[in-house]
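No gaps in the numbering here: position 19 of the sequence shown is 18 in numbering that gives the first Met the number 0, and each next residue is one more. Positions of the beta carbon are idealized from the N, C-alpha and C atoms, including for glycine. As the structure is a prediction and not an experimental result, all values here were calculated from the model. Written out below as structure tokens is the structure these notes cover.
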Amino acid sequence: MKIALPVVNGKLSLHFGHCQSFALVEADENSREIKETEYTQPPPHEPGVLPKWLHDLGADLIIAGGMGQRAQKLFNDNNIEVIVGAESDTPENVVKAYLENTLTTGSNLCDH
């Protein structure tokens, strides 16, 4: 599986649309191991661009601190599962917690 995480200063961004880059983490759900992490620069942020772009890069899941309802729908329309409310940490730590079913999520940190 490929997990996308918006990143600012090496940690999960609290809002996916305001990130410096995306970490794309290739992980094995069965062994709960991270295989590879790749960082990539997103295209300019415009409504609807990032879900299609991440879909084209093979993302199955996006984990973010916050994301608007419309963006969540666009990700779902592109067959990308959405998890919001994650706390800021390194992409590897966030994915490791997800794989181990210990990822703590709170409120969606975006209200639009």
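_So, at 7 Å on beta carbons, what are the nonlocal neighbours of K10 in its own chain, with the 5 sequence-adjacent residues on each side left out?_
S87, D88 and T89
*asked:* With the cut-off set at 8 Å, would you say G64 and H14 are in Cβ contact?
replied: yes
*Output the distance between the C-alpha atoms of A22 and M0, rounded to the nearest integer angstrom.*
13 Å
*Measuring CB to CB, does A3 end up less than 8 Å from L73?*
no
*Pair within 8 Å by beta-carbon distance, L98 and E28*: yes
*DSSP on P5, reduced to helix/strand/coil?*
strand
*Taking the alpha helix (DSSP H) that F15 falls in, what are its first and last residues?*
From DSSP, F15 is part of no alpha helix (DSSP H); its letter is neither H nor E.
*Please go through the same chain and pick out, in chain order, the residues whose beta-carbon is closer than 8 Å to the beta-carbon of I82, but skip the five residues on each side of it.*
L60, I61, I62, A63, Y97, L102 and T104
*Tell whether a beta-carbon distance below 8 Å holds between V93 and A26.*
no
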